[in-house]
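Each residue of the sequence shown is one higher than the one before, counting from 3 in the numbering used here.
Glycine is no exception: its CB is placed at the ideal position from the N, C-alpha and C atoms.
Read the structure below first, then the notes.
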Amino acid sequence: MIAALIVAAAEGFLPARAADPAQVLKERLATMKAINQAMREIKVYSGKGDFAKVLPAAQKVADLTAAIPGLSPEGSHTGKTRIKPEVWKNFGHYKELSGNSVQEAKKLIQAAGKKDRAAVLKAFSDLANSCTACHEPYRVPKKGD
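This is how it looks when you write it as structure tokens:
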């Protein structure tokens, strides 16, 4: 039963009332920070050509990005968060953009596995652009941006 709930949450099938909004927010923020850290690692390691270290960081981005819709139930936009209410007006699009980022991360994993530096750099750029494609419509800019 617990495993089914975890899968349902990861897939975004649990209603907002099934989760504590403060806990969901905490998990979503931790997930976003972990994705950001992994992206920084990918940037450094791809620049050095250290593909063995790019692989686990890219896999982490793929796994965590796949979980984002499940960490964004309606009502979880209160507190210290930059998520916009537009997410729930366009949740299908939000999930699609998350899925696009997962696919771009998988392309990066493939390129790193082939140790093709040019392909890794392009795949990283494409992954970063896919993240930005979601941030622009669904995330409030930081003050000063």
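Check, Outcome
"Is it buried or exposed for V142, if we count other Cβ within 10 angstroms and need 16 for buried?", "exposed"
"In whole angstroms, what is the alpha-carbon distance linking K50 and I70?", "29 Å"
"Look at the alpha carbon of K62 and the alpha carbon of D52, and state the distance between them as a whole number of angstroms.", "16 Å"
"Just to confirm before moving on: does the CB-CB distance between L73 and R30 stay below 7 Å?", "yes"
"K109: buried (16+ other C-beta within 10 angstroms of its C-beta) or exposed?", "buried"
"Spatial neighbours of N102 within its chain, please: C-beta separation below 6 Å, excluding the five flanking residues on both sides.", "S132"
"Alpha carbon to alpha carbon, what distance is there between M41 and D118?", "18 Å"
"With distance defined between alpha-carbon atoms, name the residue in M34, I85 and L27 nearest to E138.", "I85"
"Please give me, in chain order, every unbroken run of the alpha helix (DSSP H) with length at least 4 that falls completely inside the region 21–75.", "23–50 and 53–69"
"DSSP on S127, reduced to helix/strand/coil?", "helix"
"If I follow the unbroken alpha helix (DSSP H) through N102, where does it start and stop?", "F93 to G115"
"Taking C-alpha atoms, which residue in T80, E88, K145 and Q105 lies nearest to V126?", "This sequence places Phe at residue 126; Val is not what is there. Nearest of T80, E88, K145 and Q105 to F126, Cα basis: Q105."
"Specify the secondary structure class of R141 as computed by DSSP and reduced to three states.", "strand"
"Under the assumption that A135 contacts V122 (Cβ atoms under 8 Å), give the Cβ distance between them as a whole number of angstroms.", "About 20 Å separates the two Cβ atoms, so there is no contact after all."
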